[in-house]
Amino acid sequence: MTRKITVDDFSSEEYKHNPFPIWRQMRDEQPLFYDSNEHRWILTRYTDVMAVLRDHERYSTRTYIERFRPIFGRTLAELDGARHIRERTIVAPAFVGKSLDGYEQFIRRSIERIGEKIFLQNNVDLVKSMTNILPSTVITALLGIPEKDDDFVFDIGNTILAAIGSTPEMIERGASAHRKFAEYLAPIISSRRDAPTTDLISRIVHAQADGQSLTDDEICSFISFLLVAGGPTTDTGIANFWWNLLSDPDQLEACRNDPTRISRAFSESLRRDGPIINEDRMTNCEIELYGITIPKDSIVVICLGSANTDDSVFAEPESFNPDRTDLFMGVERKGGIHENGVSGHMAFGMGSHFCMGYQLARREAEMATSQFLLQAPGVRLTSEVHPEARFFDRFVGKLPVEIGKK
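Residue numbers for the sequence shown, in our numbering: 33 to 438.
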């Protein structure tokens, strides 16, 4: 008889190194699981996770108020309804469509700057030397922050990131770092307001929706949050992707020989090994699921990692297969897709809180991968590594490789 899943499984070595069997058992036996230690409900099936992400009437993102507001002040992540639509409508155009084409030069330059250091060596850790650095370097370049200040901004981001959900002392350190960053940004924002350039700060400062624009405080909070939200998730997404390729020489060679495959392979990596495996919401009312009443103001965790490996949706879901035909391989859609046997992954979320920077993250990953495979045709792992899961994320901590330069 199979042992039932308990809350202790989430802190077990089995979960840390391979959460798939635990998720599979939860989907089959306990699709609505109550975590009595943290007083939260956990949903693991694709259809349930999709339903929550799309339902902003009954499920709220106000769970983020306690986590983020002491550091950033009010952020876009915690908003629902009209206020969320207003602020997102103002800033979202800067991250999609034709706006993105203008950013390629900054992405390329960031890749080249980091690559110049990597290719002086033969053995490197790609996480430490590349993926941890690239997203924040790209963001600072897009913002128009001088290269000489990259280390300052990187340290600010790390301090804030370490503070989220931490001790009161760490939270105060994070809030202090945010205030320091806001002081640094203030003259830049003022300058861009008077004399706009083509950088991202100028776009955000002058962006409007229905005649409204963001205040200086809102701009500082948004940029500070962008640094933290856009950096770690993108670097983990790229690191997990490169781990998949480096662990499968055939797929690595296929992407090198045909760079158009990189996009498909990245989609498949996001599905199976996305950086964020759990998100949470708060119920706005009583909700009935599986014959159980979830009270109002309860925390509901939606397990993206489990949903993306649901075998009722994806065939052999725990395998990495860029040639699969049941995954939507195009540019992600915030409304998701589940038709004609083809479904979208949820690594970027879904619905009105769908990741705003998804196209930027994808562009970074594809450009960095293409350039790296070109410059390092003989790259290989020098030791076996695997992703590790915590409750909210899953990441490869290191990628030790021999470069194999041209």
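We put the CB at the ideal spot given by N, CA and C, even for glycine.
**Prompt:** In the structure shown, what three-state DSSP assignment does Phe427 receive?
**Reply:** When secondary structure is reduced to three states using DSSP, Phe427 falls in the strand class.
**Asked** DSSP on Ile196, reduced to helix/strand/coil?
**Response** Looking at Ile196 - three-state DSSP - the assignment turns out to be coil, as it is neither helix nor strand.
**Item:** Coil, strand or helix - Glu348 by DSSP
**Value:** It is coil, neither helix nor strand.
**Asked** Is Leu336 closer than 8 angstroms to Asn353 when the C-beta atoms are compared?
**Response** Contact flag unset, no.
**Prompt:** Is it true that the CB of Phe127 sits closer than 8 angstroms to the CB of Met382?
**Reply:** Not in contact: Met382 and Phe127 (Cβ atoms no closer than 8 angstroms).
**Prompt:** Over what stretch of residues does the alpha helix (DSSP H) that includes Leu336 continue unbroken?
**Reply:** Here the alpha helix (DSSP H) through Leu336 covers Leu336 to Ala339.
**Message:** Is Glu350 near the ligand SAH - that is, is its Cβ less than 7 angstroms away from at least one heavy atom of it?
**Reply:** This structure lacks the ligand SAH; in fact it carries no ligand of any kind.
**Message:** Relative to the C-alpha of Ser279, which candidate in Leu246, Ala241, Glu416 and Met162 has its C-alpha closest?
**Reply:** Out of Leu246, Ala241, Glu416 and Met162, the CA that lies nearest to the CA of Ser279 is found in Glu416.
**Message:** I need the boundaries of the alpha helix (DSSP H) containing Thr357, first residue and last residue.
**Reply:** Looking at the DSSP string, Thr357 is not in any alpha helix (DSSP H), and its letter there is neither H nor E.
**Message:** Under DSSP, the alpha helix (DSSP H) around Thr95 begins and ends at which residues?
**Reply:** Annotation for Thr95: the continuous alpha helix (DSSP H) segment containing it runs Thr95 to Phe104.
**Request:** Could you round the C-beta distance between Thr268 and Asp425 to whole angstroms and report it? I think they count as a contact, below 8 angstroms.
**Result:** The pair is a contact, with the Cβ atoms about 7 angstroms apart (cut-off 8 angstroms).
**Request:** Count the C-beta pairs between the stretch 315-331 and the stretch 282-291 that are closer than 8 angstroms, then say yes if the count reaches three, no if not.
**Result:** The stretch 315-331 is not in contact with the stretch 282-291.
**Request:** Take Val345 and list the residues in its own chain whose beta-carbon comes closer than 6 angstroms to its own, dropping the five residues that flank it on each side.
**Result:** Around Val345: Tyr78 and Ser375.
**Asked** Taking the alpha-carbon positions, what's the Ser168 to Val185 distance?
**Response** Straight-line Cα distance between these residues: approximately 8 angstroms.
**Prompt:** Does the separation of the CB atoms of Ser351 and Arg59 fall below 8 angstroms?
**Reply:** Contact flag unset, no.
**Request:** Could you pull out every residue in the same chain whose Cβ sits closer than 8 angstroms to the Cβ of Glu89, ignoring the five residues on either side in sequence?
**Result:** The beta carbon of Glu89 sits closer than 8 angstroms to the beta carbons of Asn316 from its chain, once the five residues preceding and following it are set aside; these are given in chain order.
**Beta-carbon separation (whole angstroms), His377 vs Leu359, contact threshold 8 angstroms** = With 8 angstroms as the limit, His377 and Leu359 qualify as a contact, their Cβ atoms being about 7 angstroms apart.
**Message:** Three Cβ pairs or more, each shorter than 8 angstroms: is that satisfied between the stretch 290-298 and the stretch 62-75?
**Reply:** Contact fails: fewer than three Cβ-Cβ distances are below 8 angstroms.
**Message:** I'd like the list of long-range same chain contacts for Tyr96, defined as Cβ closer than 6 angstroms, with 5 residues on each side in sequence excluded.
**Reply:** The residues are Ala109 and Glu110.
**Prompt:** Between the beta-carbon of Phe213 and the beta-carbon of Ile188, is there less than 8 angstroms?
**Reply:** One thing to note: Phe213 has its Cβ within 8 angstroms of the Cβ of Ile188.
**Request:** Could you spell out where the beta strand (DSSP E) holding Ile319 opens and where it closes?
**Result:** Looking at the DSSP string, the run of the beta strand (DSSP E) that includes Ile319 is Ile319 to Leu321.
**Request:** With DSSP as the reference, please indicate the residues paired to Ser92 in a beta bridge.
**Result:** In the DSSP assignment, Ser92 is bridged to Met314.
**Request:** Could you work out which residue in Ile220, Glu201, Asp183 and Val237 is closest to Ala124 when comparing CA atoms only?
**Result:** Of Ile220, Glu201, Asp183 and Val237, the residue nearest in Cα terms is Val237.
**Item:** Extent of the continuous beta strand (DSSP E) run through Asp157
**Value:** Under the DSSP assignment, Asp157 falls in the beta strand (DSSP E) whose first and last residues are Asn155 to Asp157.
**Prompt:** My guess is that Ile196 and Phe100 are in contact by the Cβ rule of under 8 angstroms, so how many angstroms apart are they, rounded?
**Reply:** Contact between Ile196 and Phe100 holds, with the beta-carbon distance rounding to 7 angstroms and staying under 8 angstroms.
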